[in-house]
Amino acid sequence: MAGIDDQHTKYLLSEDEMPTAWYNLQADLPTPPAPPLHPGTGQPIGPDDLAPLFPAALIEQEVSTQRWIEIPEEVQAVYRLWRPTPLYRARRLEQVLGTPARIFYKYEGTSPAGSHKPNTAVAQAYYNKQAGIRRLTTETGAGQWGSALAMACAFFGLELKVYMVKVSYEQKPYRRVLMETWGATCVPSPSPETEAGRRILAADPASRGSLGIAISEAVEEAVSRDDTHYALGSVLNHVLLHQTVIGQEAQRQLAMAGAEPDVIFACAGGGSNFAGLAFPFVREKLQGKPIRIVAVEPAACPTLTRGVYAYDFGDTGKMTPLLKMHTLGHDFMPAAIHAGGLRYHGMAPLVSLLYEQGLIEAVALPQTQVFEAAVQFARAEGIVPAPESAHAVRAAIDEALRCKERGEAKTILLGLSGHGNFDLGAYQTYFAGQLVDYSHPREEIEAALAGLPRVQG
Ligand SMILES: *Cc1c(COP(=O)(O)O)cnc(C)c1O
């Protein structure tokens, strides 16, 4: 491209240039998403079914087809603590790789919690406070979501109880301290505090937990108390919506650089940071721009690349509505890989739909290659990527190296969803040569898929 800026390293927007509306992909989808179904009846759920869990404003956003949804001023005021976030040109990484490709990365690690997750945590805390709710419950894997929501609850004066997947609770004690610093209470899941937790512990006292189990516990507690709602950090439409500030800012920042992306990479656990970066560009793609958009997932939890597109529960205890999504089965127990934020059996219904329609691609990568790329990135650019984000880094580096082979000067946009400063234990394991690649045996995936609910669609 002729007009591309070859001078600058980062592209910053002023607070006045921060997006004032979220972009709702549902307004532009070629076909509408399949409705969530009631776990008992198998019929499409209505707003009343969700009312014990979420405030009306979020339930509305879940099904809205309005293209732009205004960001409340109170939410914008909190966003301004760290937004707009920077877009960087990875000049030093380009040099190290010797690639003619141009690599840009949109960095969400400047939020106080260190990831993109506060973008939705702040909005969810705000709407719950508006609705007169006093407490929230949630689950967290690696702790990023729990800490983001703990911070948001502190801003809006809400209590928070976090069910933290036991393996992470033990592996990542500092995340718990972070949550406690912002005022939240944190318990390891499965816990004896809920029916769902007690059931799992009875069957397997040594259970290391999973996101699916922790969701069951948090939902159970929210349903059983009038003053308490539940908040989910990914997967649902309203969560993906709140993240679209990322992609909207990136569009403006790339324009400042005179660049247009040929290919976009973002990691995908439940799909929220991927959606946040990608959806505004999916809109451009639907309008005819030839952009490749790639979700990057771990080989140890290959939801898009090896899961099936079917209705499934969001949790292990079968309490949530059934969502049509790519899933490895709600019983799927992912290996204890270090990208804790990517260990979820399902994928956001909107991301799954785009994949099914061929509008996005997906690739699954083994974690040793991912950490190798993360270290290369840190040594070139300084920022230590979160293990989750490092999946996108690996994919972007691979693309840049292909560009080198072919002599192509493509423009690559990479979503750097967070920093890895709380994940140094994972880096330590990598440097000690103790990180193993884990690819789930076909039989294990088939066994988990055999437990899918039998519904039409
Ligand atoms: C939680 C997390 C993810 C994965 O969740 P998504 O909903 O797929 O975005 C990715 N990166 C970071 C830094 C996270 O904290």
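Here the working numbering = 1-based position in the sequence shown + 192.
Beta carbons are placed, not taken as given, at the ideal position from N, Cα and C, and that holds for glycine.
Here the structure is a predicted model, which is why all the values come from computation and not from measurement.
CA-CA distance, residue i and residue j?
i: THR277; j: VAL379; result: 32 Å
i: GLN268; j: THR212; result: 7 Å
i: ALA517; j: ALA315; result: Rather than Ala, the amino acid found at residue 517 in this sequence is Met. Taking the straight line joining both Cα atoms gives about 24 Å.
i: LYS358; j: HIS611; result: 22 Å
i: THR508; j: SER402; result: 8 Å
i: ALA317; j: VAL411; result: 16 Å
i: GLU476; j: PHE457; result: 16 Å
i: SER662; j: GLU207; result: One cannot answer for residue 662 here, as it falls past the ends of the chain, which runs 193 to 649.
i: LEU606; j: PRO494; result: 20 Å
i: ARG294; j: ARG417; result: 52 Å
i: TYR215; j: ILE263; result: 10 Å
i: LYS364; j: GLN626; result: 17 Å
i: ALA282; j: LEU245; result: 42 Å
i: LEU551; j: ILE485; result: 8 Å
i: ARG327; j: LEU352; result: 6 Å
i: MET511; j: GLY232; result: 9 Å
i: MET193; j: GLU209; result: Low confidence applies to MET193: its pLDDT is 47, below 50, so where it sits in the model is not reliable, and the reading given next is rough at best. If you take the alpha carbons of MET193 and GLU209, they lie about 25 Å apart.
i: SER360; j: GLY335; result: 7 Å
i: ARG634; j: ARG498; result: 9 Å
i: ALA376; j: GLY425; result: 16 Å
i: PRO384; j: ARG390; result: 5 Å
i: HIS632; j: LEU641; result: 13 Å
i: TYR355; j: ALA618; result: 22 Å
i: ALA460; j: SER544; result: 11 Å
i: GLU548; j: ILE637; result: 20 Å
i: ALA414; j: THR420; result: 5 Å
i: PRO482; j: THR621; result: 40 Å
i: ALA447; j: VAL455; result: 15 Å
i: LEU542; j: GLU573; result: 33 Å
With DSSP run on the structure shown, which of helix, strand or coil describes residue i?
i: LYS516; result: strand
i: VAL576; result: coil
i: GLY643; result: coil
i: VAL675; result: Nothing can be reported for residue 675, as the shown portion of the chain is limited to 193 through 649.
i: TYR536; result: coil
i: PRO244; result: coil
i: ILE263; result: coil
i: ARG275; result: coil
i: HIS530; result: coil
i: SER256; result: coil
i: LEU221; result: coil
i: GLY463; result: coil
i: GLN549; result: coil
i: SER170; result: The chain is shown from 193 up to 649; residue 170 falls before or after that span and cannot be answered.
i: THR302; result: coil
i: PRO472; result: helix
i: PRO633; result: coil
i: ILE196; result: coil
i: GLU207; result: helix
i: ASP590; result: helix
i: SER581; result: helix
i: GLY617; result: helix
On the DSSP bridge assignment, give the partners of residue i in chain order.
i: GLU307; result: The sequence shown places Ser at residue 307, rather than the Glu named in the question. According to DSSP, SER307 bridges with GLY610.
i: ILE604; result: ILE295, VAL455
i: PRO236; result: LEU229
i: TYR280; result: LYS202, TYR297
i: VAL555; result: VAL488
i: TRP214; result: ILE261
Does the Cβ of residue i lie closer than 6 Å to at least one heavy atom of ligand 3?
i: ASN465; result: Ligand 3 is not part of this structure, which contains only ligand 1.
Does any residue of chain C bring its CB to less than 7 Å from the CB of residue i?
i: ALA502; result: Chain labels in this structure do not include chain C; a single protein chain is all it has.
Practice item. Would you mind listing the beta strand (DSSP E) stretches within the segment 316-367 that are 3+ residues and don't spill past its ends, in chain order? Key: 327-332, 351-357
Exercise. Check whether the segment 370-378 touches the segment 329-346, counting contact only when three or more Cβ pairs, one atom from each stretch, lie closer than 8 Å.
Key: yes
Check: When the Cβ atoms of the segment 431-443 are set against those of the segment 461-469, are three or more pairs found closer than 8 Å?
Finding: yes
At least 3 beta-carbon pairs within less than 8 Å: the segment 523-541 vs the segment 480-497 = yes
| message | Runs of 3 residues minimum, wholly inside the segment 479-527: which ones carry the beta strand (DSSP E) assignment? | response | 484-490, 500-505, 514-519
message = Tell me whether the segment 247-261 and the segment 283-301 touch, counting them as touching only if at least three CB pairs, one residue from each stretch, are closer than 8 Å.
response = no
Check: What are the start and end residues of each continuous alpha helix (DSSP H) run of 4 or more residues lying completely inside the segment 421-455, in chain order?
Finding: 429-434, 437-448
Task: At least 3 beta-carbon pairs within less than 8 Å: the segment 589-600 vs the segment 609-623 - done: no
- Completely contained beta strand (DSSP E) runs for the segment 366-399, where each covers 3 or more residues: 377-381
**Prompt:** Would the segment 321-339 and the segment 408-424 be scored as touching if the rule is three or more Cβ pairs under 8 Å?
**Reply:** yes
Is it the case that the segment 593-600 contacts the segment 550-567, given that we only count it when at least three CB pairs across the two stretches are under 8 Å? no
Original post:
With contact counted as at least three CB pairs below 8 Å, one residue from each stretch, are the segment 618-634 and the segment 218-230 in contact?
Top reply: no
- Message: For the pair the segment 575-587 and the segment 520-531, tell me if three or more CB-CB distances fall below 8 Å.
- Response: yes
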